[in-house]
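With positions in the sequence shown counted from 1, the corresponding number in this note's numbering is that position plus 2.
We put the beta carbon where it would ideally sit given N, CA and C, even for glycine.
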Amino acid sequence: MAKGNFWLGAAIGFIIMVILGNILPVVGPIIGGFVAGLIAKGGFWNGAKAGFVAGIFGALVAIIIGLVIGTLALGLFGFLAALGIGVVLIVFALYYAILGCVGGAAGGLIGK
3 MAKGNFWLGA AIGFIIMVIL GNILPVVGPI IGGFVAGLIA KGGFWNGAKA GFVAGIFGAL
63 VAIIIGLVIG TLALGLFGFL AALGIGVVLI VFALYYAILG CVGGAAGGLI GK
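Put into structure tokens, the structure is as follows:
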């Protein structure tokens, strides 16, 4: 079984999701997950895990940046607003993670 680089695949998949996510809302996360699965290799499950991690990582980074900017710009009100938006972003994280998981599984199968 060929070994790839799991974390490199997840990082590149995340970058692709960020770039394509706004242009192609459904296909972008799937393509990002697919690329993550291709780079991670190791079959269906390893590719799916790489795509899932890429989606979750992207959402967590967006939530943290939102909290910091909201707090710096508007103080306590900004923090609370960013926290509320963070809860919504967690739902989007699951959206990205599930689509990334599907793409990663396909990429892992092809990259095997």
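6 Å CB neighbourhood of residue i in its chain, flanking five on each side removed
{"i": "Gly110", "result": "Gly39, Gly45, Phe46, Asn48, Gly49"}
{"i": "Met3", "result": "Residue confidence is low: Met3 scores 43 on pLDDT, short of 50, so the model does not pin down where it sits. No coordinate-derived value is stated."}
{"i": "Gly80", "result": "Gly72, Thr73"}
Euclidean distance between Cα positions of residue i and residue j
{"i": "Leu9", "j": "Leu101", "result": "As written in the sequence, residue 9 is Trp, which differs from the Leu given in the question. Answer to the nearest angstrom: the Cα atoms are 18 Å apart."}
{"i": "Leu96", "j": "Gly77", "result": "29 Å"}
{"i": "Asn7", "j": "Val63", "result": "21 Å"}
{"i": "Cys2", "j": "Ile41", "result": "It is not possible to answer for residue 2, since the shown part of the chain is limited to 3 through 114."}
{"i": "Leu85", "j": "Gly34", "result": "27 Å"}
Contacts around residue i, its chain only, beta-carbon distance under 8 Å, and the 5 residues preceding and following it disregarded
{"i": "Val88", "result": "Here residue 88 turns out to be Gly, not Val, going by the sequence shown. Ile65, Gly68, Leu69."}
{"i": "Gly30", "result": "Ile18, Met19, Ile21, Leu22, Gly23, Asn24"}
Residue range of the unbroken alpha helix (DSSP H) whose run includes residue i
{"i": "Ile71", "result": "46 to 113"}
From the options, residue whose alpha carbon lies closest to that of residue i
{"i": "Ala83", "options": "Gly72, Leu91, Ile112", "result": "Gly72"}
{"i": "Phe54", "options": "Ile32, Ile112, Leu26", "result": "Ile32"}
{"i": "Gly15", "options": "Ile92, Phe59, Ile25", "result": "Phe59"}
{"i": "Pro27", "options": "Tyr98, Cys103, Ala13", "result": "Tyr98"}
{"i": "Gly106", "options": "Phe36, Ala13, Ile112, Asn7", "result": "Phe36"}
{"i": "Leu91", "options": "Gly57, Gly113, Gly11", "result": "Gly57"}
{"i": "Ala52", "options": "Ala13, Ala61, Val93", "result": "Ala13"}
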